[in-house]
Amino acid sequence: MCGRYSLVCDAGHLQAYYDLANTGVFAGPRFNIAPTQQVPAIVAVNGERHLELFHWGLIPSWADDSKLGYSTINARAETVGEKPAFRAAFRHRRCLIPADGFYEWQGEKGHKHPWRIEPDNRDEFFSFAGLWAAWESGADVIRSCTIIAGPANLLVQPISDRMPVMVPREAWALWLDPDTGMEALQPLLKPPPAEGMRAYRVGEHVNNPNHDDPACLFPA
DNA sequence: CCAGACGTTGTT
DNA sequence: GTCTGG
DNA sequence: CCAGACGTTGTT
DNA sequence: GTCTGG
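Residue numbers 432 to 651, in our numbering, belong to the letters of the first sequence in order.
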């Protein structure tokens, strides 16, 4: 599962790495991004890549209550094409959620410890496979998103059974194209290679979602 | 037919 | 919106 | 994901 | 225990 991540970078780096047409919505380095917050995601607009903000926790267009978003921060890779809450978004509204690390908690309730997983190379990003939706609330439109999660790779396995699905650079265009068919998408939903990423235990500081500072990165 | 759910992880 | 349960 | 609240009436 | 908020 993926319930917390970071984006500790400047807008220029993001723009160059993803060839973005805009980065205006990026509000600066984030060490501890939590569900229900506005998160930057990349979508295809008229052949360009745009960075836009979405409420983390997908609210389908038909929801009669935004509360559904509390339990849709992740979508299971195994069923995302079938579940009513995700199916339409999986077919037509995919996005990439850039991250430079994410957190997983190891152990059982009562004695859990946070770990950080990040790219080996400081210049790399993880590109989480995401979905988005638009939900109308009176005159307002809430745009929301979710991160697809699947089985963990060998690096993450000792920490957690699940981890975010990631889209490799060569598949970005396919993933973001609203017209891509399901049969081409399904093969992308596999665990990311363990090569190129590392994990280390961090302090409990990151547990509190109000802590959004460099101490979240400190080894325990 | 209408009513009600639509989700995840982890633990039991 | 669309599916399941009654 | 974790942290923190979880309730009422009436008064400031 | 369960829901809401971040």
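Every residue, glycine too, gets a C-beta built ideally from N, C-alpha and C.
query	result
Assumed close pair Ala580, Ala508 - CB separation to whole angstroms, cut-off 8 Å	7 Å
Ala520: first and last residue of the uninterrupted alpha helix (DSSP H) it sits in	518 to 523
Extent of the continuous beta strand (DSSP E) to which His692 belongs	No information on residue 692 is available, as it lies outside the stretch 432 to 651 that the chain covers here.
8 Å contact criterion, which Ala472 and Gly561 should meet: CB distance rounded	6 Å
Those runs of the beta strand (DSSP E) which lie wholly inside the segment 581 to 628 and span at least 3 residues	593 to 595
Rounded separation between Glu567 and Arg480 - CA only	24 Å
Exposure of Trp606, with buried meaning 16 or more beta-carbon neighbours within 10 Å	buried
Spatial distance of Ser502 from Pro550 (CA atoms)	28 Å
Top-ranked residue by Cα proximity to Gly541, from Ser437, Asn638, Gly443, Ala458	Asn638
Enclosing beta strand (DSSP E) for Leu438 [first to last residue]	436 to 438
Given Trp603 as reference, the closest of Ser497, Tyr448, Ile548, Cys440 once Cα atoms are compared	Tyr448
Reference Leu484, options Pro545, Glu635, Pro529, closest by Cα	Pro529
C-alpha distance - Leu499 paired with Met432, whole-angstrom precision	18 Å
DSSP-derived helix/strand/coil call for Cys576	strand
Chain-order list of residues whose beta-carbon lies under 7 Å from that of Met628 (same chain, five-residue window excluded)	Ile548, Glu549, Pro550, Asp551, Leu586
Through-space distance from Val456 to Leu482, alpha-carbon basis	7 Å
Separation of Arg632 from Ile590, as counted between CA atoms	10 Å
Closest Cα partner of Asn463 within the set Arg600, His636, Ala651	His636
Contacts around Val598, its chain only, beta-carbon distance under 7 Å, and the 5 residues preceding and following it disregarded	Leu527, Ser558, Ala560, Trp606, Leu619
The beta strand (DSSP E) enclosing Leu562, as first and last residue numbers	557 to 568
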